[in-house]
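Numbering (our numbering), first residue to last: 704 to 911. In this text, a Cβ means the ideal position worked out from N, Cα and C, and glycines have one as well.
Structure, rendered in C-alpha coordinates:
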(Lines of atoms letter the chains of each structure in order from A and count residues from 1; the text may use other names and numbers.)
(Lines give C-alpha, C1' and ligand atoms only; values in the text may rest on other atoms or scores of the structure.)
Protein backbone atom coordinates (compact mmCIF):
# COMPACT_ATOMS: atom_id res chain seq x y z
CA UNK A 1 0.00 0.00 0.00
CA UNK A 2 1.44 3.36 -1.01
CA UNK A 3 2.24 6.06 1.54
CA UNK A 4 -0.23 8.38 -0.18
CA UNK A 5 -3.08 5.89 0.16
CA UNK A 6 -2.24 5.28 3.80
CA UNK A 7 -2.40 9.05 4.36
CA UNK A 8 -5.81 9.26 2.67
CA UNK A 9 -7.17 6.41 4.77
CA UNK A 10 -5.87 8.19 7.85
CA UNK A 11 -7.66 11.39 6.87
CA UNK A 12 -10.97 9.58 6.40
CA UNK A 13 -10.51 7.78 9.72
CA UNK A 14 -9.86 11.12 11.45
CA UNK A 15 -13.10 12.49 9.98
CA UNK A 16 -15.26 9.48 10.92
CA UNK A 17 -16.41 11.04 14.23
CA UNK A 18 -17.56 14.14 12.32
CA UNK A 19 -19.44 12.02 9.77
CA UNK A 20 -21.13 9.98 12.49
CA UNK A 21 -22.11 12.83 14.82
CA UNK A 22 -22.91 15.65 12.36
CA UNK A 23 -26.72 15.37 12.80
CA UNK A 24 -26.31 15.81 16.57
CA UNK A 25 -24.92 19.34 16.25
CA UNK A 26 -26.41 20.31 12.90
CA UNK A 27 -27.29 23.88 13.88
CA UNK A 28 -23.68 24.55 14.87
CA UNK A 29 -21.84 22.92 11.99
CA UNK A 30 -24.10 24.62 9.43
CA UNK A 31 -22.32 27.84 10.41
CA UNK A 32 -18.85 26.49 11.21
CA UNK A 33 -16.28 29.30 11.32
CA UNK A 34 -18.80 31.94 10.21
CA UNK A 35 -19.81 35.01 12.18
CA UNK A 36 -23.44 35.99 12.74
CA UNK A 37 -23.01 38.79 10.19
CA UNK A 38 -21.69 36.34 7.59
CA UNK A 39 -24.53 33.91 8.21
CA UNK A 40 -27.22 36.53 7.57
CA UNK A 41 -25.42 38.46 4.80
CA UNK A 42 -26.70 37.96 1.25
CA UNK A 43 -24.53 35.90 -1.06
CA UNK A 44 -24.69 34.92 -4.74
CA UNK A 45 -27.10 32.05 -5.27
CA UNK A 46 -29.52 32.97 -2.50
CA UNK A 47 -33.05 32.22 -3.69
CA UNK A 48 -32.04 30.53 -6.95
CA UNK A 49 -33.18 27.11 -5.70
CA UNK A 50 -36.58 27.45 -3.95
CA UNK A 51 -37.52 25.20 -1.05
CA UNK A 52 -34.04 24.24 0.07
CA UNK A 53 -33.80 22.22 3.27
CA UNK A 54 -30.03 22.32 3.70
CA UNK A 55 -28.51 25.77 4.10
CA UNK A 56 -24.94 26.08 5.32
CA UNK A 57 -22.60 29.08 5.62
CA UNK A 58 -19.01 28.34 6.64
CA UNK A 59 -15.84 30.40 6.66
CA UNK A 60 -12.13 30.55 7.30
CA UNK A 61 -9.51 33.31 7.40
CA UNK A 62 -6.59 32.81 5.03
CA UNK A 63 -3.26 34.52 5.62
CA UNK A 64 -2.89 35.30 1.93
CA UNK A 65 -4.42 37.87 -0.45
CA UNK A 66 -7.48 37.07 -2.55
CA UNK A 67 -5.32 36.66 -5.66
CA UNK A 68 -3.54 33.76 -3.96
CA UNK A 69 -6.80 32.08 -2.91
CA UNK A 70 -8.85 32.46 -6.08
CA UNK A 71 -6.86 30.07 -8.35
CA UNK A 72 -7.50 27.14 -6.02
CA UNK A 73 -11.26 27.61 -6.45
CA UNK A 74 -10.97 27.99 -10.22
CA UNK A 75 -9.25 24.64 -10.69
CA UNK A 76 -11.37 22.62 -8.23
CA UNK A 77 -13.27 19.55 -9.34
CA UNK A 78 -12.99 15.79 -9.69
CA UNK A 79 -10.46 14.97 -12.40
CA UNK A 80 -9.14 18.52 -12.17
CA UNK A 81 -7.31 19.72 -9.07
CA UNK A 82 -9.56 17.71 -6.76
CA UNK A 83 -11.47 19.10 -3.80
CA UNK A 84 -8.60 19.52 -1.31
CA UNK A 85 -10.57 17.32 1.07
CA UNK A 86 -10.81 13.55 1.64
CA UNK A 87 -9.43 12.44 -1.72
CA UNK A 88 -10.25 8.81 -1.03
CA UNK A 89 -13.94 9.73 -1.03
CA UNK A 90 -14.27 12.58 -3.51
CA UNK A 91 -11.40 12.37 -6.00
CA UNK A 92 -11.05 8.65 -6.80
CA UNK A 93 -8.07 8.47 -4.40
CA UNK A 94 -6.09 10.85 -6.61
CA UNK A 95 -4.28 13.37 -4.42
CA UNK A 96 -5.62 16.89 -4.78
CA UNK A 97 -3.11 19.16 -6.45
CA UNK A 98 -0.76 21.20 -4.32
CA UNK A 99 0.17 23.57 -7.11
CA UNK A 100 -1.61 25.90 -9.51
CA UNK A 101 -1.90 24.46 -13.01
CA UNK A 102 -2.16 27.14 -15.74
CA UNK A 103 -4.19 24.82 -17.98
CA UNK A 104 -6.85 24.60 -15.25
CA UNK A 105 -7.14 28.36 -14.79
CA UNK A 106 -9.62 28.94 -17.62
CA UNK A 107 -12.97 29.91 -16.09
CA UNK A 108 -16.13 30.42 -18.14
CA UNK A 109 -19.82 30.63 -17.32
CA UNK A 110 -21.42 27.27 -18.05
CA UNK A 111 -18.34 25.08 -17.69
CA UNK A 112 -18.49 21.87 -15.70
CA UNK A 113 -17.18 21.54 -12.16
CA UNK A 114 -17.33 17.73 -11.99
CA UNK A 115 -18.25 15.74 -8.91
CA UNK A 116 -17.39 12.48 -10.71
CA UNK A 117 -15.47 11.34 -13.83
CA UNK A 118 -18.71 11.40 -15.85
CA UNK A 119 -20.48 14.71 -15.16
CA UNK A 120 -24.14 15.06 -16.05
CA UNK A 121 -26.72 17.83 -15.99
CA UNK A 122 -28.25 16.47 -12.80
CA UNK A 123 -25.11 15.67 -10.78
CA UNK A 124 -22.35 18.10 -11.77
CA UNK A 125 -21.92 21.69 -10.79
CA UNK A 126 -21.75 24.35 -13.48
CA UNK A 127 -20.26 27.81 -13.19
CA UNK A 128 -23.27 30.12 -12.99
CA UNK A 129 -21.38 33.42 -12.64
CA UNK A 130 -18.33 34.98 -11.04
CA UNK A 131 -16.31 38.13 -10.45
CA UNK A 132 -12.61 37.33 -10.51
CA UNK A 133 -10.98 37.35 -7.07
CA UNK A 134 -14.30 38.33 -5.46
CA UNK A 135 -16.95 35.63 -5.78
CA UNK A 136 -17.81 32.43 -7.60
CA UNK A 137 -21.15 30.65 -7.93
CA UNK A 138 -21.69 27.02 -8.91
CA UNK A 139 -25.17 25.71 -9.65
CA UNK A 140 -26.97 22.47 -10.38
CA UNK A 141 -30.71 21.77 -10.56
CA UNK A 142 -31.16 21.03 -6.87
CA UNK A 143 -28.53 23.24 -5.24
CA UNK A 144 -26.22 26.25 -5.32
CA UNK A 145 -22.71 26.63 -3.96
CA UNK A 146 -21.23 30.09 -3.55
CA UNK A 147 -17.79 31.36 -2.57
CA UNK A 148 -17.04 34.93 -1.48
CA UNK A 149 -13.52 36.28 -0.92
CA UNK A 150 -13.27 39.44 1.19
CA UNK A 151 -10.06 41.44 1.49
CA UNK A 152 -9.33 41.94 5.20
CA UNK A 153 -6.22 44.02 4.60
CA UNK A 154 -2.69 43.13 5.71
CA UNK A 155 -2.61 40.37 3.09
CA UNK A 156 -5.49 38.39 4.63
CA UNK A 157 -8.65 37.02 3.00
CA UNK A 158 -11.93 35.95 4.52
CA UNK A 159 -13.20 32.95 2.54
CA UNK A 160 -16.92 32.29 3.01
CA UNK A 161 -18.84 29.48 1.37
CA UNK A 162 -22.58 28.86 1.28
CA UNK A 163 -24.57 25.83 0.10
CA UNK A 164 -28.32 25.72 -0.50
CA UNK A 165 -29.67 22.26 -1.32
CA UNK A 166 -33.10 20.80 -2.03
CA UNK A 167 -34.15 17.23 -1.22
CA UNK A 168 -36.36 16.31 -4.19
CA UNK A 169 -38.57 13.51 -2.87
CA UNK A 170 -40.18 13.07 -6.28
CA UNK A 171 -36.93 11.20 -6.96
CA UNK A 172 -36.60 9.14 -3.76
CA UNK A 173 -33.23 7.50 -4.45
CA UNK A 174 -31.63 10.81 -5.31
CA UNK A 175 -33.18 12.47 -2.26
CA UNK A 176 -31.96 9.71 0.07
CA UNK A 177 -28.46 9.98 -1.39
CA UNK A 178 -28.60 13.75 -0.90
CA UNK A 179 -29.65 13.40 2.74
CA UNK A 180 -26.81 10.98 3.48
CA UNK A 181 -24.24 13.05 1.61
CA UNK A 182 -25.21 16.40 3.11
CA UNK A 183 -26.43 15.55 6.58
CA UNK A 184 -23.57 13.14 7.35
CA UNK A 185 -20.75 13.99 4.98
CA UNK A 186 -20.90 17.65 4.06
CA UNK A 187 -19.53 19.20 7.24
CA UNK A 188 -16.41 17.05 7.50
CA UNK A 189 -15.68 17.37 3.78
CA UNK A 190 -16.30 21.12 3.54
CA UNK A 191 -14.30 21.79 6.69
CA UNK A 192 -11.36 19.87 5.28
CA UNK A 193 -11.75 21.64 1.91
CA UNK A 194 -11.67 25.09 3.51
CA UNK A 195 -8.62 24.17 5.55
CA UNK A 196 -7.02 22.59 2.48
CA UNK A 197 -7.43 25.77 0.46
CA UNK A 198 -6.14 27.82 3.38
CA UNK A 199 -3.04 25.65 3.73
CA UNK A 200 -2.26 25.72 0.01
CA UNK A 201 -2.81 29.45 -0.45
CA UNK A 202 -0.69 30.32 2.58
CA UNK A 203 2.09 27.98 1.49
CA UNK A 204 2.09 29.35 -2.06
CA UNK A 205 2.22 32.90 -0.69
CA UNK A 206 5.22 31.96 1.40
CA UNK A 207 6.88 30.48 -1.67
CA UNK A 208 6.63 26.94 -0.41
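Just the C-alpha distance for residue i and residue j, rounded to the nearest angstrom, thanks.
i, j, result
"residue 851", "residue 865", "9 Å"
"residue 707", "residue 776", "23 Å"
"residue 759", "residue 909", "31 Å"
"residue 726", "residue 894", "15 Å"
"residue 781", "residue 743", "30 Å"
"residue 748", "residue 791", "29 Å"
"residue 826", "residue 809", "22 Å"
"residue 853", "residue 907", "19 Å"
"residue 830", "residue 841", "5 Å"
"residue 859", "residue 711", "29 Å"
For residue i, which three-state DSSP category applies?
i, result
"residue 849", "strand"
"residue 750", "coil"
"residue 864", "strand"
"residue 869", "coil"
Just curious, the alpha helix (DSSP H) that residue i is in, first and last residue?
i, result
"residue 876", "875 to 882"
"residue 719", "706 to 724"
"residue 831", "Here residue 831 belongs to no alpha helix (DSSP H); instead the beta strand (DSSP E) covers 828 to 834."
"residue 898", "889 to 908"
"residue 730", "729 to 732"
"residue 739", "739 to 743"
Which residue comes first and which comes last in the beta strand (DSSP E) that contains residue i?
i, result
"residue 763", "757 to 765"
"residue 775", "Counting along the chain, residue 775 falls outside any beta strand (DSSP E), though it belongs to the alpha helix (DSSP H) covering 769 to 777."
"residue 842", "838 to 843"
Just to confirm, does residue i get its C-beta within under 8 Å of one of the non-hydrogen atoms of the ligand ZN?
i, result
"residue 848", "Ligands are entirely absent from the displayed structure, and the ligand ZN is therefore not among its contents."
Quiz item: Should the segment 732 to 747 be regarded as contacting the segment 889 to 904, the criterion being three or more beta carbon pairs within less than 8 Å?
Solution: Touching, yes.
Quiz item: Counting pairs of beta carbons, one from the segment 819 to 832 and one from the segment 709 to 726, are three or more of them closer than 8 Å?
Solution: Judged by Cβ distances under 8 Å, the segment 819 to 832 makes no contact with the segment 709 to 726, as fewer than three pairs qualify.
Quiz item: Residue ranges of each alpha helix (DSSP H) run of no fewer than 4 residues wholly in the segment 775 to 813, ordered along the chain?
Solution: If we require 4 residues or more, the alpha helix (DSSP H) runs fully inside the segment 775 to 813 come out as 790 to 793.
Quiz item: Is the segment 736 to 752 touching the segment 859 to 873, taking contact as three or more C-beta pairs under 8 Å?
Solution: By the C-beta criterion, the segment 736 to 752 is judged to be in contact with the segment 859 to 873, since at least 3 inter-stretch pairs fall below 8 Å.
Quiz item: So, do the segment 786 to 800 and the segment 835 to 849 have three or more beta carbon pairs nearer to each other than 8 Å?
Solution: Pairwise C-beta distances place the segment 786 to 800 out of contact with the segment 835 to 849, as fewer than three of them are shorter than 8 Å.
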